[in-house]
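Just so we're aligned: the sequence shown equals residues 2 to 122 in the working numbering.
We treat Cβ as the ideally placed atom computed from N, Cα and C, and that holds for glycine.
Each remark here refers to the structure printed beneath this line.
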Amino acid sequence: MNYEKIVNNVTEKIYEREPSLLDRFGEQGKEKCREDNHHHMKHLETAYELDQSAFFTDYAVWLDGILKKHGMKTKHLIDNFEIIQAVLADDTGSAEKAEKFHLYLAEAIALLKGEPVKGGV
2 MNYEKIVNNV
12 TEKIYEREPS
22 LLDRFGEQGK
32 EKCREDNHHH
42 MKHLETAYEL
52 DQSAFFTDYA
62 VWLDGILKKH
72 GMKTKHLIDN
82 FEIIQAVLAD
92 DTGSAEKAEK
102 FHLYLAEAIA
112 LLKGEPVKGG
122 V
C-alpha cells in the first residue's frame with residue numbers, strides 16, 4: 002500500500018469537495034491536511050498490526066475532541082474517513098489490509114455518529 006499516494010488522493014478529494022478550504026487556509030492548510038491524513042494512516046497501520054480496531058476508534062474519538070476544540074465539526078472527520086474508504090477501495094495494494102482498514106474506519110464513523118458499533122475486528 003502506497004501511503005503517500007493514498008494521502009495525496011484523499012487530500013485532493015477533500016479539496017475538490019470543498020474548494021473554499023484553499024481560500025480559507027491556503028497551501029499551508031492543504032499541507033496540514035496531508036499531515037493529518039498521514040497520522041490517520043499510521044493509526045490504521047498500527048491497529049492492523051495489533052489486530053485491534055479499538056486502537057483506531059480510540060484515536061478517532063480523541064481526535065474528534067481535539068478538532069472540536071479548534072472549531073471543527075465531527076462531520077469533517079467523518080467525511081475525511083469516508084474519503085479514505087473510497088480511496089482505499091480504488092487502491093490495488095493489499096486487499097486484506099484495505100479491507101481491515103475499511104472496517105476500522107467504518108467502526109470509527111459509526112462511533113462518531115453515535116451509532117452502535119458491531120464488536121471489534
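Problem set entry | Residues near residue 103 in its chain [Cβ-Cβ closer than 8 Å; skip 5 each side] | Excluding positions up to five away in sequence, the list reads 86, 89, 90.
Exercise. In three-state terms, what does DSSP make of residue 71?
Worked result: Residue state, collapsed to three classes: coil.
Exercise. Can you tell me the Cα-Cα spacing of residue 21 and residue 116, whole angstroms?
Worked result: CA-CA distance, residue 21 to residue 116, rounds to 30 Å.
Exercise. According to DSSP, is residue 108 helix, strand or coil?
Worked result: The DSSP-derived three-state label of residue 108 is helix.
Exercise. By a C-beta neighbour count over all protein chains shown, 10 Å radius and 16 as the cutoff for buried, is residue 96 buried or exposed?
Worked result: Residue burial is scored here from C-beta neighbours: residue 96 has fewer than 16 other C-beta atoms within 10 angstroms and is therefore classed as exposed.
For this session: Locate the alpha helix (DSSP H) running through residue 50, then write down its first and last residues.
Result: 21-51 is the extent of the alpha helix (DSSP H) around residue 50.
For this session: Give every residue of the same chain whose Cβ lies closer than 8 Å to the Cβ of residue 99, excluding the five residues on either side of it in the sequence, and list them in chain order.
Result: If we look at residue 99 and ignore the five residues flanking it on each side, its Cβ neighbours are 2, 89, 90, 92.
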